[in-house]
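*Asks:*
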Amino acid sequence: MANKLIGADYLLALLYCDNKSSIKGSVRLTKMMYLFNKEIKPIIEKKGGKCEKLPEFIPYNFGPFSKDLYEQIELFKGIEFITTKEILSKEIMVEEVDDWEENPYIGESLNDEEHLTFNKKYVEYTIAKRGESYYENVIKNELNQDILDLLEQFKKKIVKISVKNLLYYVYTKYPEMTVNSIIKKDVLGSDEDEN
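First residue of the sequence shown: 224, per the numbering used here; consecutive thereafter.
Dropping the structure here:
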């Protein structure tokens, strides 16, 4: 049973799920982990699992933002558990990635801490061989089949939904995370109150 896993383990598990499909875009990755905290964690706990040390989120320029998550991504890159790559504009035309300009988003560092800043417009996150090995030898042993199935379904939904629809869902379901958003009108439409 998943009684030893922390948020970073679940991030790796999600990157492994769905045939190790990549997560395209920082907006998608961040909202995936925010929704994991809010909606998937309670289900995992009902199924006998435990989620500790999840990344904390604050309302910021593009909705929920987590410095913790970006620090974890940088750590995972450093120990070769995940890889990131720039998605070129030509690839964007072929398949949908984030519809929002990411440069200001992924540079959100609260204090302009350089280690959180990327110089890429779109970033694709993929689990690396080392991360796969860690998942297969450590994390997977702590997850029961119900939790594995749940993570698989969740990842498939996140990968398939458009970024605009994902943001709309997060913004309408968790309005407390939109108070500092600079794209709230774009996401919710111009009729939405600015309260």
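Backbone N, C-alpha and C fix where the C-beta goes; we use that ideal spot for every residue, glycine too.
It should be emphasised that the depicted structure is a prediction, and the values quoted were computed from it without experimental measurement.
Restricting to Cα atoms, I'd like to know which of Ser-245, Ser-249, Leu-235 is closest to Phe-299.
*Replies:* The option with the nearest alpha carbon to Phe-299 is Leu-235.
*Asks:* Let me know if Asp-232 comes out buried or exposed under the rule of 16 or more other beta-carbons within 10 Å of its beta-carbon.
*Replies:* Asp-232 is buried by the Cβ-count criterion.
*Asks:* Please report how far the alpha carbon of Glu-200 lies from the alpha carbon of Gly-271, in whole angstroms.
*Replies:* An answer regarding residue 200 cannot be provided, because it is not within the stretch 224 to 418 covered by the chain.
*Asks:* DSSP on Lys-407, reduced to helix/strand/coil?
*Replies:* Reduced to three states, the DSSP call for Lys-407 is helix.
*Asks:* Let me confirm a value: Thr-307 is counted as buried when at least 16 other C-beta atoms fall within 10 Å, else exposed. Which label applies?
*Replies:* Label assigned to Thr-307: buried.
*Asks:* Leaving out five residues on either side along the sequence, give the residues of the same chain with a beta carbon under 7 Å from the beta carbon of Glu-314.
*Replies:* Confidence is the limiting factor: at Glu-314 the pLDDT is only 44, short of 50, which leaves the residue's position unreliable and the question unanswerable from this model.
*Asks:* Return yes when the Cβ of Leu-366 is within less than 8 Å of the Cβ of Arg-251, no when it is not.
*Replies:* In this structure, Leu-366 does not lie closer than 8 Å to Arg-251 by Cβ.
*Asks:* Taking the alpha-carbon of Lys-276 as reference, which of Tyr-283, Met-256, Tyr-358 has the nearest alpha-carbon?
*Replies:* Among Tyr-283, Met-256, Tyr-358, the Cα nearest to that of Lys-276 is on Met-256.
*Asks:* If you pair each beta-carbon of the segment 391 to 401 with each one of the segment 280 to 300, do three or more pairs fall below 8 Å?
*Replies:* Contact holds: three or more Cβ-Cβ distances are below 8 Å.
*Asks:* For Lys-227 and Ile-362, I'd like the C-alpha separation in whole angstroms.
*Replies:* Looking at the two C-alpha atoms, the distance is approximately 9 Å.
*Asks:* Between Lys-292 and the rest of its own chain, which residues show a CB-CB distance below 7 Å, the 5 nearest in sequence each way excluded?
*Replies:* It is Leu, not Lys, that sits at residue 292 in the sequence shown. Closer than 7 Å at the Cβ level, and outside the excluded window around Leu-292, lie Thr-253, Met-256, Pro-278.
*Asks:* Classify Asp-372: buried if its beta carbon has 16 or more other beta carbons within 10 angstroms, exposed otherwise.
*Replies:* Label assigned to Asp-372: exposed.
*Asks:* Any idea if Ser-245 is buried or exposed, counting beta-carbon neighbours within 10 angstroms, 16 or more meaning buried?
*Replies:* The residue is buried, with at least 16 neighbouring Cβ atoms inside 10 Å.
*Asks:* How close, in whole Å, do the beta carbons of Ile-305 and Gly-354 come, if the pair is a contact with beta carbons under 8 Å?
*Replies:* Ile-305 to Gly-354, Cβ: 6 Å. Contact.
*Asks:* Does DSSP put Glu-319 in a helix, in a strand, or in coil?
*Replies:* Because Glu-319 sits at a pLDDT of 46, beneath the cut-off of 50, its placement in the model cannot be relied upon, and the point is left open.
*Asks:* Should Ile-405 be labelled buried (16 or more other beta-carbon atoms within 10 Å of its own) or exposed?
*Replies:* Result: exposed.
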